[in-house]
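Let me begin by presenting the structure, written as structure tokens, before commenting on it.
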Amino acid sequence: MDLSLENKKIELIQWLSTLNDKSLIDKLMRLRDKEKIDWWNEISASEKESIEKGIQDADNRKLTSHSNVKGIYEKWL
Numbered sequence: 133m134d135l136s137l138e139n140k141k142i143e144l145i146q147w148l149s150t151l152n153d154k155s156l157i158d159k160l161m162r163l164r165d166k167e168k169i170d171w172w173n174e175i176s177a178s179e180k181e182s183i184e185k186g187i188q189d190a191d192n193r194k195l196t197s198h199s200n201v202k203g204i205y206e207k208w209l
């Protein structure tokens, strides 16, 4: 594992061990809990349908190049 990542983890552990702010600790706990949730289970049926259609289109090589899409939407970018 990357040494800088390990150092960041240690730094976070040390920081967490000094926290006394209950509201901040509660926010961190909610963030941790949210990370455990599979986003697929949180989206609507229509969003799932749209994603599955996009995957099917990609599998069938029904794709549009990035440059074409960029040309179509450049007025909003």
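My numbering puts the first residue of the sequence shown at 133, with every later residue one more than the last.
Built from N, CA and C at the ideal position, the CB exists for glycine as well.
Quick one: what's got a C-beta closer than 8 angstroms to residue i's C-beta in the same chain, skipping five residues either side?
i, result
"residue 202", "209"
For residue i, does the three-state DSSP call read helix, strand or coil?
i, result
"residue 139", "helix"
"residue 175", "coil"
"residue 164", "helix"
"residue 156", "helix"
"residue 196", "coil"
"residue 170", "coil"
"residue 151", "coil"
Look at the alpha carbon of residue i and the alpha carbon of residue j, and state the distance between them as a whole number of angstroms.
i, j, result
"residue 172", "residue 138", "30 angstroms"
"residue 148", "residue 154", "11 angstroms"
"residue 181", "residue 187", "10 angstroms"
"residue 194", "residue 207", "24 angstroms"
"residue 169", "residue 162", "11 angstroms"
"residue 191", "residue 141", "40 angstroms"
"residue 185", "residue 164", "31 angstroms"
"residue 160", "residue 179", "28 angstroms"
By Cβ distance below 6 angstroms, which residues in the same chain neighbour residue i in space, the five residues on each side in sequence not counted?
i, result
"residue 200", "none"
Note down, in chain order, each residue of its chain lying with its Cβ closer than 7 angstroms to the Cβ of residue i, except the 5 sequence neighbours on either side.
i, result
"residue 151", "157"
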